[in-house]
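For the sequence shown, my numbering begins at 228 and goes up steadily by one.
Just so you know, even glycine gets a beta-carbon here, dropped at the ideal spot from N, CA and C.
Owing to the predicted nature of the structure, the values given are computational and were not obtained by experimental measurement.
Have a look at the structure below before the remarks.
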Amino acid sequence: MASHDQDSDDDQSTAHGYKAPQKVDIDSIVAKDEDDESLTRYKKLLLGNSNTGQPMANQIIDANDARIVLPIRITLLFEKHKPDVTFELKGSIAQIRDLHSKRTVTIKEGETYRTQLEFYVQRDIVTGLKLMNKVLKARTIPVDKSKYMIGSRAPSSDIQTYVGDVEQAPSGVLSRGSFLVKSKLTDDDKNIFAEWEWNLVVAKDWQ
């Protein structure tokens, strides 16, 4: 689910008194309360199992990348328009930033869409994974912020996917124009897995 806020600082505030849980590594989770059958079932659901029946701890997707979340792409899935808008996020943080720094995306006002994120998790559990967007008018005036709470995910060799709720692009004369968007994929520990800026144009029609 995405939350929108024009006033608070996403990096400093916590929604509804939310406090990030203490970081616990996979080995500690596996060893905890081994005789609790319901907890064991939950851990299997969260962590998955390998062919040997052991939890998939320390799953490595890219040994040369220290990040625990490896983003693949973000796609804006429009309900009444094709093609969708895709942001490729493979590569280092610097490569992602350079790839999209001069990109401009035009969206028709009032269009409905969902935000989809595809990613890998490796090495350890990620806690409180979230995608944040900060929208600025004239490159300096904040007009909107959105936060997509993806949650905690365990390492896996499979691509993991998050799809947000249906949203609607702003509409009306005052909502049209060009905006700078600052996007960031982060977690409760303030690790940054991707960070980039791009230009958004809200127009009267598709161009």
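- In this structure, residue 312 lies near residue 332, with their beta-carbon atoms less than 8 Å apart.
- Sorting 408, 356, 298 by C-alpha distance to the C-alpha of residue 364 places 408 at the top.
- Secondary structure of residue 343 (DSSP, three-state): strand.
- Around the Cβ of residue 310, a 10 Å sphere holds fewer than 16 other Cβ atoms; the residue is exposed.
- Within the same chain, Cβ atoms closer than 7 Å to the Cβ of residue 337 are found at 395, 396, 398, the five residues on either side in sequence being excluded.
- A distance below 7 Å between beta-carbons, with the five flanking residues on each side excluded, links residue 402 to the following residues of its chain, in chain order: 336, 429.
- For the pair residue 231 and residue 414, the Cα-to-Cα distance works out to about 18 Å.
- Look at the beta carbons and you see the region 366–376 not touching the region 316–324: under three pairs across the two are nearer than 8 Å.
- The Cβ neighbour count for residue 388, taken over all protein chains shown within 10 Å, is under 16; the residue is labelled exposed.
- Residues 298, 358, 420, 421 of the same chain have their beta carbon placed closer than 6 Å to that of residue 412, with the five preceding and five following residues left out of the count.
- Here residue 301 really is in contact with residue 314; their C-beta atoms are around 4 Å apart, less than 8 Å.
- DSSP, read as helix, strand or coil, puts residue 393 in coil.
- Only residues of its own chain outside the window of five on either side were considered, and among them 323, 324, 327, 410 have a CB closer than 6 Å to the CB of residue 423, listed in chain order.
- For the set 340, 341, 353, the Cα lying nearest the Cα of residue 382 is the one of 353.
- The beta carbon of residue 369 sits closer than 8 Å to the beta carbons of 233, 361, 362, 363 from its chain, once the five residues preceding and following it are set aside; these are given in chain order.
- For residue 430, the enclosing beta strand (DSSP E) stretches over residues 419–430.
- Exclusion of the five residues before and after residue 433 leaves 335 as the residues of its chain whose Cβ lies within less than 6 Å of its Cβ.
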